[in-house]
Structures are given as structure tokens and as C-alpha cells.
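The working numbering numbers the first residue of the sequence shown as 13 and each following residue consecutively. Each residue gets a CB set at the ideal place from its N, CA and C atoms; glycine is no exception.
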Amino acid sequence: MMDVKRIRIKEVFLACLIFAIMFVGLWDFFAPSVTLYEAENAKIVGARFANKHPGYTGTGYVDYKSKSDEYIQWTVDVSRGGPYRITFRYALGGKYNRPLKIIVNGETVDEGLAIPRIGDWDEWDSVDIEAILQQGENVIKAVSIGKSGPNIDSISLKYVRNDIFGFLDN
Ligand SMILES: [Ca+2]
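Written out as C-alpha cells, the structure is:
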């Protein structure tokens, strides 16, 4: 009797374990997670760390100073290759839009990603771009191209599905 009971407990435990592993796998499949990378933790060339205006996440944001050739460069790691939505969180209180050139793994994804002005440096908004990322390490670069840049708080990455399950991502 004892042996039968012990086997049943073992079977139930194994079944629960298999179910848990399947559930985690399915959850990841149906609702891919969003990974956030702070701008202030990225490689910053020319632009400066700042924290004067509230509303950021992490410890601050990055402020572009010159009109051109300054950049923020993130090295990100993804467990699966494919199309990703890259969301740039920014503030732009200036009078004009300030597009940025976006380069992923050395390839230009957008010559001038539109970053519309908000009109207030304390308000934050976001713009998206889609790019193909490879499994493992990827380098994402946002370069100023003549109009300086917004204050960039962070980027976030989300795997994009183009199949019938895509609606679950929205
Ligand atoms: Ca930040």
C-alpha cells in the first residue's frame, strides 16, 4: 500500500512539474515579455547624463547636447531572434521635432526616426520602430543628425509576432 502511495505522489509531482514547465513556455509564447534598458546605463558618446526633469525611470536620462554625431548605444541580449518592437521613451520640450538615426548591428534601420516635440521637458512620450534582432547580443544606436535629440529615458524591447497570435501582443 505504501509503495503505491509513494508512486502516486511521485507521479503527481512529475505531472505538476511538466505542467508548470509547459505553462511557463506557453505564457512566454503568447505574451512575450518586455525588456527595458535605461539610456543612462548605455554607452553615451557626446550626449550627457541628466536628471533635472522628473518623470524618468531608473536614475535619469540622456540629454543630447550638440546638433550632430552624438549617440546612445545599447548592447542588448535577446533569447530569440526575429522582429522586435523597439520603443524609445523620450521628452522633448524644444520648439522643433528632433529625428534620430537608428542603427541596429551596424545596419541603418531608419535614417531619421521621427521624434515629435511634446512642448514640455517634464512630459514623456514614446515612439516605436521595428527591427530584426539576432539571438544573443545586439547593438542599438541612436545618433543625432543635425537637430540634436530629445532627452532619452530608456528603450524597451518586445518580440513582435506576425501570425494569428499577434493580436495578443496589443
Ligand atoms: Ca532612465
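- Counting other Cβ atoms within 10 Å of its Cβ, ALA154 reaches 16 or more and is therefore classed as buried.
- Assignment of VAL172 by DSSP, reduced to helix, strand and coil, places it in the coil class.
- In chain order, the residues positioned with their C-beta nearer than 6 Å to some heavy atom of ligand 1 are GLU50, ALA51, GLU52, TYR68, THR69, GLY70, GLY72, TYR73, ASP165, SER166.
- When DSSP reads this structure, ALA62 sits in a beta bridge with TYR73.
- Contact between the segment 111-121 and the segment 44-52 is absent: fewer than three C-beta pairs spanning the two stretches fall below 8 Å.
- Residues of the same chain with a CB within less than 8 Å of the CB of GLY94, apart from the 5 flanking positions on each side, are ILE144, LEU145, TYR171, VAL172 in chain order.
- Taking a C-beta distance under 8 Å as the contact criterion, SER166 and GLU50 qualify as a contact pair.
- The three-state secondary structure of GLU52, taken from DSSP, is helix.
- Residues of the same chain with a CB within less than 7 Å of the CB of THR87, apart from the 5 flanking positions on each side, are GLU149, VAL151 in chain order.
- Segment contact: the segment 101-108 against the segment 121-130, three or more CB-CB distances shorter than 8 Å; contact assigned.
- In this structure LEU169 is buried. Its beta-carbon is surrounded by 16 or more other beta-carbon atoms within 10 angstroms.
- In the DSSP assignment, GLY124 forms no beta bridge with any residue.
- If you check the CB distance, ILE164 and TYR73 come in under 8 Å.
- Under DSSP, TRP136 shares a beta bridge with no residue.
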